[in-house]
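In my numbering, the protein residues as written are 859 to 1050.
Note that CB positions come from ideal geometry on N, CA and C, so glycine has one too.
Computed from a predicted structure; not experimentally measured.
What follows is a single structure, written as structure tokens, with notes after it.
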């Protein structure tokens, strides 16, 4: 009975430290530390382990977690890999499945990584083409004239916080000035 209580206590300590959600800017690059985990484990044989079992959607952006003993506690660290290129337009949410093993006891938990825009580092696609000129693919996200939306509301996520990809925002064009038919005729607004 005492052993069972000890195991329940150990399990509670392990599970309580597996943070459920973290937020990271898309501008974070390789080597960025995403999360530290601390675990209590009195078993020295075999050595405790912390593993990354699965990532959804599949990617190589996350390194296998490291685990080191420090002042009687095991500290795990999760970092971004050298192949990392976070992009909220492609994927804004990853779900990681982690497993901590202490002796014969195994605990699994999931970690949600939410990727968000860093509005202080917005990158535009470049200058607009003039009417009739071909528009080439450009910019970090491959945006072109036909796919750019009004920058006045860049923070709009189209309600896609819980989805794997960001929805595209749809904006109506502002009114255009109509060219007068003859000289001296006043310009009129075309609401289209």
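Go to residue i, then tell me how far its beta strand (DSSP E) extends in each direction, as first and last residue.
i, result
"residue 960", "951 to 960"
"residue 924", "924 to 928"
"residue 932", "931 to 937"
"residue 907", "907 to 914"
"residue 947", "Note, residue 947: premise wrong, no beta strand (DSSP E); not H, not E."
"residue 881", "879 to 883"
Roughly how many angstroms lie between the CA atoms of residue i and residue j, to the nearest whole one?
i, j, result
"residue 957", "residue 964", "7 Å"
"residue 839", "residue 888", "The requested residue 839 is not part of the displayed model; the chain covers only 859 to 1050."
"residue 833", "residue 932", "This structure cannot settle anything about residue 833, because the visible part of the chain is limited to 859 through 1050."
"residue 835", "residue 927", "Lying outside 859 to 1050, the shown extent of the chain, residue 835 is not represented and no answer is given."
"residue 900", "residue 967", "20 Å"
"residue 960", "residue 930", "14 Å"
"residue 893", "residue 925", "12 Å"
"residue 915", "residue 976", "22 Å"
"residue 920", "residue 942", "8 Å"
"residue 906", "residue 970", "23 Å"
"residue 898", "residue 904", "14 Å"
"residue 922", "residue 962", "21 Å"
Let me know the secondary structure DSSP gives residue i once reduced to three states.
i, result
"residue 896", "strand"
"residue 901", "coil"
"residue 978", "helix"
"residue 920", "strand"
"residue 970", "strand"
"residue 965", "strand"
Ignore the nearest five residues each way along the sequence and tell me which others in residue i's own chain have a CB closer than 8 Å to its CB.
i, result
"residue 940", "888, 889"
"residue 891", "935, 936, 937"
"residue 974", "881, 882, 883, 884, 946, 950"
Quick one: residues in its chain with C-beta nearer than 6 Å to the C-beta of residue i, no 5 flanking neighbours on either side, listed in chain order?
i, result
"residue 972", "881, 951"
Suppose the cutoff is 7 Å on Cβ atoms and the five residues either side in sequence are ignored; what does the same chain contact list for residue i look like?
i, result
"residue 913", "920, 952, 954"
"residue 918", "939, 941"
Margin query: Under 8 Å: do the stretch 879 to 892 and the stretch 936 to 955 share three or more Cβ pairs, one atom per stretch?
Written below: Yes: the two stretches touch, three or more of their Cβ pairs being nearer than 8 Å.
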